[in-house]
Each structure stands twice: as structure tokens, then as C-alpha cells.
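Trainee: Once you've had a glance at the structure underneath, I'll fire off some questions.
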Amino acid sequence: MKNLKLLPLITILITLSLTLFTSCDSDSEFDASGEGKGGSMARFTFLKGYLYIVDESTLKTFDISNPENPSLLGTENVGAGVETIFPYENYLFLGTQWGMKIYSVENSPVPNYLSDFEHSFACDPVVVTNSIAYVTLRSGTTCQTGQDRMEIVDVSDLRNPELLNTIPMQNPHGLSVSDTVLFVCEGDFGFKVFNIKDRANPELISHYDSIPSYDVITNYGRKELIITGKNGIFQYDYKDPYNLKELSQILSVPANE
Amino acid sequence: MKTPILKLLTLCLFFISLASCNFWETVPDFDVEEVEGYRPIYATESETEIKTLPAREIEDPGKIYVINDYLLLVDRLKGIHVFDNEDPENPQNIGFVQITGSNDVAVRNNILYADQASDLLAIDISNPENVKVASRVKNVFPFGVQYPQQQGFYFECPDPEKGIVIGWELTTLKSPKCYR
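Right under this line is the structure:
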């Protein structure tokens, strides 16, 4: 009895969904709906529907409920030298020249400062996964001195980040984590692949030293790695992280010279 | 009597040696007439327009962004290369969105957010062949991107009156006032 009554409703629902799907078949195949993903060197990020931007010494929050008209909700002073931003759960991790800063958007879209993890003057992007933050620190003229390295920080207590390990690096830039694999760009020194099953003790799997690497994006679904650097874009299949398979190269003009 | 003077002398010598030490090495001597350095290249009027151009080669690869099957690559200070990356073994360079003075990009719901010098742009890309600036928020980046990538060089300080910086060229400068 009840089932029969539901039948018309189900029919209507099915018809409605079919209509919606077929009406999406537009002339242009270009689909930029939803949200994309940037690299760890990004200064822009989305979190919970808001747009966050870092610049020099501020973190700005934009309301993009009307996407065509971003409206500034707040400007937070975060100290000089902020360079990168990474969203993680309800938090924003900022890479600054003085350390990693953590902000919360748990209670409001305008971020609330939680904590700082300071280190010697260096330039650093950060990625976070499973309560562990991987921070690369790079030396260089404006990034001043300080060893080139990667720091592994326990952020399970966001108000008290704790250094777990320091790994020496050559000239680390952007990085990306995909489950138990960590990719780190080493600038002109190429890029490295780490096994991070033991989260605080990365095990170096391989070093591709001929691919200049500035930043990286991993596409978890397709297990695809996208590396960008001065020679252009290099893409790999990392289904077997011990055996990356190169998919394609898009070379830049300097690489072709 | 002699001892305090000796102490004072030693102290003075100590400070003099400190001053001659290279503590201030990174602050250059701006009292230079002609020196090699970078001069800003300002965008021409047609270059400041935000528009879709035919696909072109990558010159100065910067940040990357993926949205659905598309891969975006910022060509520093010039704009964004758009690649159809549905088949990553065969990415297709399908166009270039000219945004002079840009370094960053993020896309959400068919709106591409990018910086242009000191402004934040919201660009409607629902019709990618004909992108349109939906809005511009001024002064989001008060520092702009007003210096060359290279470090350890003098450069001519950009003049905002001259427009948006689209690149830098190595040349001989006369009494530059900026250094990085």
C-alpha cells in the first residue's frame, strides 16, 4: 500500500533528476564549477565557502556568496613575511618567513589566531595531513640563512605544535601529500618522493634530479602528480610510488632553448 | 688613570671593528651612478586588457591550479595558460587568459580569482573564449608585485603612474633607488 503511494513520487524524482542531467549538456564543455586545487605555494585558498588571501603581512577574508563580487569581511595582521596558505579541516596554516602560524575558522569565517611555530628566518610553504604538518624551509638571499630542511610538526594539539623531526634538504620549495606519499620540490635540484607510512620519519624513495621543481599538485583520485618548474610542467602517474611513470611534459620556452 | 683610558680605547677599537664587519652587507650602497640592474617593463594599453588570447608557449612558469579536467599555469606577471588535461598523457594547450601583473589564481564556480598588481579580480570564465571581468577589489595587495624575481640586484623602483609591471629587463641603471 505505502509502496504504491510512493511510486508517483519516485517517478517524479527520477524524471526531475534526468531533466537536470540532460539540461547540463551545454554547448561549451568547459566546466569550472565547484572548487579547484592549488599548490602549496598558493596565496589564495577557499575554506568553507570563503576566499582567504595572504599578502606580505595580512590575511584577508572575502565573502564570495556572490561569487562575482568578493566582499572583504576582515583583515588580520599576521606579522611580516607571510607567503603561503594551506587549508586543513577548520584551520588555515600560514607559511611565513618567521614560522608557521595556525588560525581557526571553527567559530567564524574571520580567522582566529591559535598558535605559532617559529623557526629561524626562512621561506616556507606547509602542508598538513593526519595532524602532521610538513614544512619546508629554504635558504637564499631574501630568505636569509638557516639550513635547507623540512620540519615535521605534530599539530594534534593546534595550540601547541611540537617538532617531531628535521630532514636536511637541498633547496626545498613546494610540497604535497597524498595518503602515505610525500612529494617535495627541490628547486633546481629536482624533486623527491618519500614514503610517510611512519609519519614522523619519511623514507626517501627516489630523487628525480633533472626536473626543476617549484611546486606540485597531487590528484589523489587519479594518482597523478603535476610538477611545475622553470622547464615547464611534468606529469606522472604515481599508482606505484616506487615506480613513477612519466605521462607528459609541457616544456617552457627556456627549456626548449 | 691609564687603565680606564686603555679600557676605553679597547672598547672603541672593538666597536670600530664591528662596524667594519660585514653585518650590513645586505644593505647596498645607493651612492652608485651607473650599475647593472633591472628596469620594469610596463604593460601597454592592449596588454592591460583582461581577455582570452590564443594558446601560446610558456615563458616564466609560476603557480599551478587544477579545476576539474583543466590545468592552469600562471606565466608570471603575464597571465594564465589553460590546458585541457582530461588526458594527462596528452595535455592540450587551449588558450591564454591575459592578466598582466598576476602571480596567483584560484577558481570556484566559474569565477577565476586572480591578482593584478595591487587589485583582486573576479573574472567570469563561464564562457572561456570570452572571459569578462566581473569585479575588481582595489588595494588587496598594497605591496603589489613590485620587484624582480632575481635577488642581489639593484632595480628601478616601479612608478605606479606608469601602469602595471609586466616584466623586468636587465640593463644599465642610473642611480637606482631600489635593491633586492
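Chains as they are written, first to last, in our numbering: chain G, 1 to 257; chain R, 1001 to 1180. Every residue gets a Cβ at the ideal spot worked out from N, C-alpha and C, and that includes glycine.
#1: Does the distance from the C-beta atom of R/T1100 to that of R/I1166 stay below 9 Å?
#2: Would you list, in sequence order, the uninterrupted beta strand (DSSP E) runs of no fewer than 3 residues that lie entirely inside the segment 1109-1168 of chain R?
#3: I'd like the span of the beta strand (DSSP E) that includes G/T58, first residue to last.
#4: If you measure between the beta carbons of G/I85 and G/L158, is that distance less than 9 Å?
#5: So with CB distances below 8 Å, who are the chain R contacts of G/E224?
#6: Report, in whole angstroms, the separation of the C-beta atoms of G/S210 and G/G190, which I expect to be a contact under 8 Å.
#7: Please go through the same chain and pick out, in chain order, the residues whose beta-carbon is closer than 8 Å to the beta-carbon of G/P70, but skip the five residues on each side of it.
#8: What residues in the segment 75-91 of chain G have a beta carbon less than 8 Å from any beta carbon of chain R?
#9: For R/D1060, which residues from the same chain have a beta carbon less than 7 Å from its beta carbon, with the 5 sequence-adjacent residues on both sides left out?
#10: What is the C-beta distance between G/E260 and R/A1134, in whole angstroms, given that I count them as a contact (C-beta under 8 Å)?
#11: For R/S1135, which residues in chain G fall below 8 Å Cβ to Cβ?
#12: For the segment 1036-1050 of chain R against the segment 1160-1177 of chain R, are there 3 or more C-beta pairs whose distance is under 8 Å?
#13: In chain order, what residues of the same chain have a beta carbon less than 8 Å from the beta carbon of R/G1062, not counting five sequence neighbours either side?
#14: CB-CB under 7 Å to G/N112, same chain, minus the five flanking residues each way: which ones, in chain order?
#15: Count the other CB atoms within 10 Å of the CB of R/S1175; is the residue buried (16 or more) or exposed (fewer)?
#16: Can you give me, in chain order, the residues of the segment 230-244 of chain G that have a beta carbon less than 7 Å from any beta carbon in chain R?
#17: Please compile the residues from chain G whose C-beta is within a distance smaller than 9 Å of the C-beta of R/R1108.
#18: Whole-angstrom Cβ separation of G/Y138 and G/P172, contact assumed at under 8 Å?
#19: If we define contact as Cβ-Cβ less than 9 Å, is G/S28 a contact residue for chain R?
#20: With a cut-off of 8 Å on the beta carbons, I'd call G/N219 and R/V1066 a contact; round off their distance for me.
#21: Pull up the DSSP beta-bridge partners for R/I1080, would you.
#22: Excluding five sequence neighbours on each side, which residues of the same chain lie with their C-beta closer than 7 Å to the C-beta of R/K1162?
#23: Determine which residues of the segment 1110-1142 of chain R have a Cβ less than 7 Å from any Cβ of chain G, and write them out in chain order.
#24: Quick one: is G/L204 buried, meaning 16 or more other Cβ sit within 10 Å of its Cβ, or exposed?
#25: Cα-Cα, which of R/Y1113, R/N1130 and R/L1071 is closest to G/F261?
#26: Our contact map puts G/L94 next to G/V82 with C-beta atoms below 8 Å; I'd like the distance itself, whole angstroms only.
#27: Name the two residues that bound the continuous alpha helix (DSSP H) containing G/T84.
#28: Just to check my reading of the structure: G/Y236 and G/L247 have Cβ atoms closer than 8 Å, yes? What is that Cβ distance to the nearest angstrom?
#29: In the DSSP assignment, find the unbroken alpha helix (DSSP H) run with G/V253 in it and report its ends.
#30: By Cβ distance below 8 Å, which residues in the same chain neighbour G/F194 in space, the five residues on each side in sequence not counted?
#31: Drop a sphere of 10 angstroms on the beta-carbon of R/Q1150, count the other beta-carbons inside from all chains shown, and report buried for 16 or more, exposed for fewer.
#32: Could you spell out where the beta strand (DSSP E) holding R/A1034 opens and where it closes?
#33: Grouping DSSP H, G and I as helix and E and B as strand, with all else coil, what is R/S1046?
#34: I'd like to know if G/S210 contacts chain R, where contact means its C-beta is closer than 9 Å to some C-beta of that chain.
#35: Rounding to the nearest angstrom, what Cα-Cα distance links R/S1126 and R/F1030 in this structure?
#36: Determine whether the Cβ of G/P172 lies closer than 9 Å to any Cβ atom of chain R.
Mentor: Quick look at the numbers:
#1: Annotated as proximal: R/T1100 and R/I1166, with beta-carbon spacing under 9 Å.
#2: The segment 1109-1168 of chain R contains these whole beta strand (DSSP E) runs: 1111-1116, 1119-1124 and 1132-1137.
#3: Per DSSP, the continuous beta strand (DSSP E) segment holding G/T58 begins and ends at Y50 to D63.
#4: No; because the gap between Cβ atoms is not below 9 Å, this pair is not in contact.
#5: Residues of chain R passing the Cβ test: P1088.
#6: Confirmed, about 6 Å.
#7: Answer for G/P70: L51, F62, D63 and I64, listed in chain order.
#8: The segment 75-91 of chain G vs chain R, Cβ under 8 Å: nothing.
#9: Excluding residues up to 5 positions away in sequence, D1075 and R1076 lie with their Cβ nearer than 7 Å to the Cβ of R/D1060 in the same chain.
#10: Examination of residue 260 of chain G is not possible in this model, given that chain G is present from 1 through 257 alone.
#11: Chain-order list of chain G residues neighbouring R/S1135: E68, N69 and P70, by C-beta distance under 8 Å.
#12: Verdict: yes, contact present.
#13: Annotation for R/G1062: L1073, V1074, D1075, R1076 and N1103 place their beta carbon closer than 8 Å to its own, counting only its chain and skipping 5 residues before and after.
#14: So the list reads Y103 and S104, once near-sequence residues are dropped.
#15: The C-beta of R/S1175 has fewer than 16 other C-beta atoms within 10 Å across all chains shown, which makes the residue exposed.
#16: Against chain R - using a Cβ distance shorter than 7 Å - the residues of the segment 230-244 of chain G are K230, G232, I233 and Q235.
#17: Among the residues of chain G, those whose CB is under 9 Å from the CB of R/R1108 are A32, S33, G34, E35, G36, F46, G49, L51, I64 and P67, following chain order.
#18: The sequence shown places Arg at residue 138 of chain G, not Tyr. At roughly 5 Å, the Cβ-Cβ gap stays under 8 Å, so G/R138 and G/P172 are in contact.
#19: Here the model assigns G/S28 a pLDDT of 43, short of 50, so the residue's position is not dependable and the matter cannot be decided.
#20: Right, their Cβ atoms sit about 7 Å apart.
#21: BP columns for R/I1080 point to R/V1074 and R/V1097.
#22: So the qualifying residues of the chain are Y1042.
#23: Cβ contacts with chain G: N1110, I1111, Y1113, L1120, A1122, D1124, I1125, N1127, P1128, A1134, S1135, V1137, V1140 and F1141.
#24: Exposed: under 16 other Cβ atoms inside 10 Å.
#25: An answer regarding residue 261 of chain G cannot be provided, because it is not within the stretch 1 to 257 covered by chain G.
#26: That belief holds up - the Cβ atoms of G/L94 and G/V82 are roughly 5 Å apart, short of 8 Å.
#27: Run containing G/T84: none in the alpha helix (DSSP H); it sits in the beta strand (DSSP E), S71 to Y88.
#28: Confirmed, about 6 Å.
#29: In the DSSP assignment, G/V253 falls within the alpha helix (DSSP H) that extends over V253 to N256.
#30: Annotation for G/F194: V181, L182, F183, V184, P202, E203, L204 and I205 place their beta carbon closer than 8 Å to its own, counting only its chain and skipping 5 residues before and after.
#31: Exposed.
#32: For clarity, residue 1034 of chain R is Glu in the given sequence; the question names Ala instead. Looking at the DSSP string, the run of the beta strand (DSSP E) that includes R/E1034 is E1034 to Y1042.
#33: Looking at R/S1046 - three-state DSSP - the assignment turns out to be helix.
#34: Not an interface residue.
#35: So the alpha carbons of these two residues sit roughly 49 Å apart.
#36: Cβ-Cβ to chain R under 9 Å: no for G/P172.
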